[in-house]
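Undergrad: Residue numbers (my numbering), protein chains in the order written: chain A, 1 to 264; chain B, 1 to 488. No residue lacks a Cβ here, since even glycine has one placed at the ideal position from N, Cα and C. Quick caveat, the model's predicted, so the values are computed rather than measured. Have a look at this one before I ask anything.
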């Protein structure tokens with residue numbers, strides 16, 4: 001039996017906030033995101049789908065794999081936890097917790113939740129969230145649990161009940177190694193890793209599985225709170241150039257760069 | 001004797017400039033279908049006859065010359081502009097068809113601020129037209145979800161409707177005059193007048209013809225004052241659809257004209273709103289002069305006050321959500337990636353019905369879908385266009401494509417679902433298509449939809465297109481399996 005726990009985050013679809021809204025919010029020091037639909041953090045979504053694929057592969061090799069999912073936040077998270085239950089996650093828990101900007105405190109409550117479970121073989125997190133964006137929670141969890149952490153993972157596959165083949169990137173290189181469990185993984189940018197979708201039948205079959213609630217001793221709001229933010233204008237201009245062949249096009253670009261003093 | 005593919009291309013190059021005639025294989029393959037075969041598009045499987053050429057018409061004369069040649073030689077023609085069709089209307093169902101693309105006919109001919117109408121060529125993109133009009137303090141008031149893609153000719157040809165229809169109506173309420181070309185190259189113009197009593201309203205021969213009777217080259221539509229500063233958004237959570245249909249009916253029957261009136265069921269609401277909390281959602285926008293919007297909003301508030309359990313939502317949330325509702329090329333590309341990765345596909349089918357049957361249609365579809373459709377992952381619905389006598393329902397559904405070759409998906413899932421929805425609409429006296437058109441898909445229920453009035457449709461087709469060269473298979477199927485109509 002291999003036990004895997006996915007820690008994931010639900011976050012608002014920030015790409016739907018317009019530049020004007022960001023600029024206005026920066027002046028006010030606050031932004032209203034209540035109108036946005038939430039979605040699973042993209043790296044977490046990749047992590048969840050990779051875990052399901054791992055489970056499928058393990059099952060094909062005759063190995064049982066137990067998946068658990070933990071998230072934190074408001075009741076909105078329950079919808080995703082119910083989806084995961086329908087996809088075969090046998091334990092789904094929500095840490096009752098507000099928005100948190102302290103990675104140490106976030107890692108602590110997650111680590112505590114994991115410690116309350118049976119011993120886990122793999123703890124899988126997305127590498128970075130869209131809202132917190134500190135890239136440190138998986139590393140902190142591994143430190144708190146006293147097990148290694150592999151970052152920027154893009155793939156992991158079943159080898160046997162003790163080992164996993166892990167692919168990760170380092171300095172633009174892709175490295176694949178066979179790693180012994182237990183360990184923590186921080187999933188990086190997995191290409192086109194969309195989470196599969198359960199059927200209505202699967203949803204109905206899992207309806208009796210409750211979403212667990214974990215009430216941490218500390219309160220999210222006691223830590224760092226959002227005081228304000230700045231708007232960074234990262235807009236780019238685009239211009240269509242009319243070159244009939246690559247040489248002409250390159251010449252036009254070069255002339256333009258000279259005009260603008262970028263090159264001499 | 002039918003002329004060959006090579007002869008068709010050669011003759012088209014004589015009629016037009018060579019550059020206007022495209023025979024690139026990839027373009028031809030992509031032009032053989034529309035988003036009705038979304039899954040086949042994603043999987044890059046082509047099941048329809050590949051057209052002989054895509055031609056880019058640049059003038060009414062071009063279109064007339066092409067249709068003259070096609071009519072004389074029995075070559076099927078498929079008209080298109082923005083390519084946002086989703087019912088198979090753009091499929092080239094006949095071998096060696098010509099796809100006539102009107103996108104280069106993209107000039108705004110006149111904005112007449114006295115008569116409050118705009119005249120433009122068929123390939124004018126709605127979004128750019130709307131943006132320019134808004135800078136002048138005007139609006140077309142036509143805002144379909146396909147606005148980033150759709151162009152004026154296609155909007156008229158498919159009998160389009162926009163999100164502000166409850167106040168402004170569909171394209172049929174906005175159209176003033178037209179220029180069209182019939183098979184043989186006959187050009188007809190219908191002049192711009194506010195109303196006339198000179199026999200049948202012949203604009204309706206053109207409206208919704210889906211390229212099966214003529215090619216639309218020019219349209220004149222009404223424009224309205226753009227007064228967004230007066231808009232009032234309203235949103236409420238309510239318990240169920242029966243309650244929601246009742247609210248919509250009362251709003252309409254009491255004489256209020258919100259521009260937006262949308263009712264989402266629990267599943268569809270959950271797709272859009274985190275805050276719906278397992279409830280239905282009903283949304284309104286009052287639009288127009290300030291005094292009217294205030295009165296409309298107050299009237300709707302009063303009606304909602306009588307609904308047990310209705311819970312008001314912050315109007316700012318509704319406004320911001322609504323302003324992000326449209327989809328364009330970026331969303332389509334993103335959706336494609338997701339479909340390929342998950343093999344989960346989402347589609348919509350919209351129907352309409354009077355107030356006394358719309359709830360029955362909705363209930364029957366919901367019941368049958370869950371029982372009869374395999375691998376269903378979501379079924380929901382919303383209404384978005386209401387009238388004095390009824391409303392529409394826009395069914396939204398997702399399913400996983402399981403154990404199925406890409407070319408079989410259409411029959412295993414999509415057609416089965418359309419069958420359920422259309423059968424339910426007909427059973428209770430509704431219509432099988434509210435605004436997407438019949439295309440080539442729902443054309444297979446044209447007889448049930450039209451009943452005895454099919455005679456009129458068939459007569460129009462035979463009269464205006466006697467040689468059968470205009471988008472054959474659209475509106476009236478070419479091949480029809482009477483024993484199993486939805487298996488094609």
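Starting from the beta carbon of residue 370/B, find every residue of chain A whose beta carbon is closer than 7 Å, and list them in chain order.
TA: 200
Undergrad: Of all the alpha helix (DSSP H) runs that stay within the bounds of the region 142 to 218 of chain B, which reach a length of 4 or more residues?
TA: Counting only runs of 4 or more, we get 152 to 157, 165 to 168, 171 to 174 and 203 to 206.
Undergrad: What residues in the region 320 to 348 of chain B bring their beta carbon closer than 7 Å to a beta carbon of chain A?
TA: For chain A, the residues of the region 320 to 348 of chain B that bring a beta carbon within less than 7 Å of one of its beta carbons are 320, 321, 324, 337, 338, 341, 342 and 344, in chain order.
Undergrad: Can you pull out the residues from the region 135 to 160 of chain A whose beta carbon lies closer than 7 Å to at least one beta carbon of chain B?
TA: none
Undergrad: Does chain B have any CB closer than 7 Å to the CB of residue 236/A?
TA: no
Undergrad: Using C-beta distances below 8 Å, list every residue in its chain close to residue 90/A, excluding the 5 sequence neighbours before and after it, in chain order.
TA: Here the set comprises 66, 67, 68 and 209.
Undergrad: Could you name the residues of the region 26 to 59 of chain A whose beta carbon sits closer than 9 Å to any beta carbon of chain B, in the order they occur along the chain?
TA: Within the region 26 to 59 of chain A, the residues whose Cβ lies closer than 9 Å to some Cβ of chain B are 32, 34, 35, 36, 37, 38 and 49, listed in chain order.
Undergrad: Do residue 150/B and residue 84/B have their CB atoms nearer than 7 Å?
TA: yes
Undergrad: Do the region 56 to 64 of chain B and the region 456 to 468 of chain B meet, that is, are 3 or more Cβ pairs less than 8 Å apart?
TA: no
Undergrad: When the Cα of residue 38/A is compared with those of 77/A, 58/A, 111/A and 203/A, which residue comes out closest?
TA: 77/A
Undergrad: Is it the case that the Cβ atoms of residue 29/B and residue 21/B are separated by a distance below 7 Å?
TA: no
Undergrad: Taking Cβ-Cβ distances below 8 Å as the criterion, which residues of the region 5 to 20 of chain A are in contact with chain B?
TA: 16
Undergrad: Do you know offhand how far residue 425/B's Cα is from residue 171/B's?
TA: Roughly 23 Å separates the two Cα atoms.
Undergrad: With DSSP run on the structure shown, which of helix, strand or coil describes residue 263/B?
TA: strand
Undergrad: Residue 60/B and residue 217/B look like a contact to me (Cβ under 8 Å); what is the Cβ gap, rounded to whole Å?
TA: 5 Å
Undergrad: When you compare each of 16/A, 165/A and 127/A to residue 179/A by their alpha carbons, which one comes out closest?
TA: 165/A
Undergrad: Pull up the distance between the alpha-carbon of residue 194/B and that of residue 129/B, whole angstroms please.
TA: Cα-Cα distance, rounded: 22 Å.
Undergrad: By Cβ distance, which residues of its chain are closer than 6 Å to residue 383/B, with the 5 residues on each side in sequence left out?
TA: 263, 391, 392 and 393
Undergrad: Is residue 197/A closer than 7 Å to residue 142/A when the C-beta atoms are compared?
TA: no
Undergrad: Could one say the Cβ of residue 94/A lies closer than 7 Å to chain B's Cβ atoms, at least one of them?
TA: Chain B contact via Cβ: absent.
Undergrad: If we define contact as Cβ-Cβ less than 7 Å, is residue 76/A a contact residue for chain B?
TA: yes
Undergrad: In three-state terms, what does DSSP make of residue 84/A?
TA: helix
Undergrad: On a CA-only basis, which of 203/A, 248/A and 47/A is nearest residue 86/A? Give me that one, please.
TA: The option with the nearest alpha carbon to residue 86/A is 203/A.
Undergrad: How about residue 437/B and residue 352/B: do their beta carbons lie closer than 7 Å?
TA: no
Undergrad: Report the three-state DSSP secondary structure of residue 109/B (helix, strand or coil).
TA: strand
Undergrad: For residue 122/A, does the three-state DSSP call read helix, strand or coil?
TA: strand
Undergrad: With DSSP as the reference, label residue 165/A as helix, strand or coil.
TA: strand
Undergrad: Residue 244/B and residue 282/B look like a contact to me (Cβ under 8 Å); what is the Cβ gap, rounded to whole Å?
TA: 5 Å
Undergrad: I want to verify the contact list: residues of chain B whose CB lies under 9 Å from the CB of residue 190/A, in sequence order.
TA: What residue 190/A touches in chain B: nothing, since even the nearest Cβ is about 10 Å away.
Undergrad: Return the first residue and the last residue of the alpha helix (DSSP H) that residue 378/B is part of.
TA: Counting along the chain, residue 378/B falls outside any alpha helix (DSSP H), though it belongs to the beta strand (DSSP E) covering 376 to 383.
Undergrad: For the structure I just gave you, are there three or more beta carbon pairs, one from the region 69 to 88 of chain B and one from the region 432 to 449 of chain B, closer than 8 Å?
TA: yes
Undergrad: Please classify residue 136/B: is it buried, with 16 or more other beta-carbons within 10 angstroms of its beta-carbon, or exposed?
TA: exposed
Undergrad: How far does the alpha helix (DSSP H) with residue 104/B in it reach, from first residue to last?
TA: Element bounds for residue 104/B: n/a, residue is neither H nor E.
Undergrad: Checking contacts by CB at 7 Å: is residue 197/A closer than that to chain B?
TA: yes
Undergrad: Comparing alpha-carbon positions, which option in 414/B, 209/B, 167/B and 439/B lies nearest residue 374/B?
TA: 414/B
Undergrad: Check the DSSP bridge columns for residue 252/A and list the partner residues they point to.
TA: For residue 252/A, no pairing in a beta bridge is given by DSSP.
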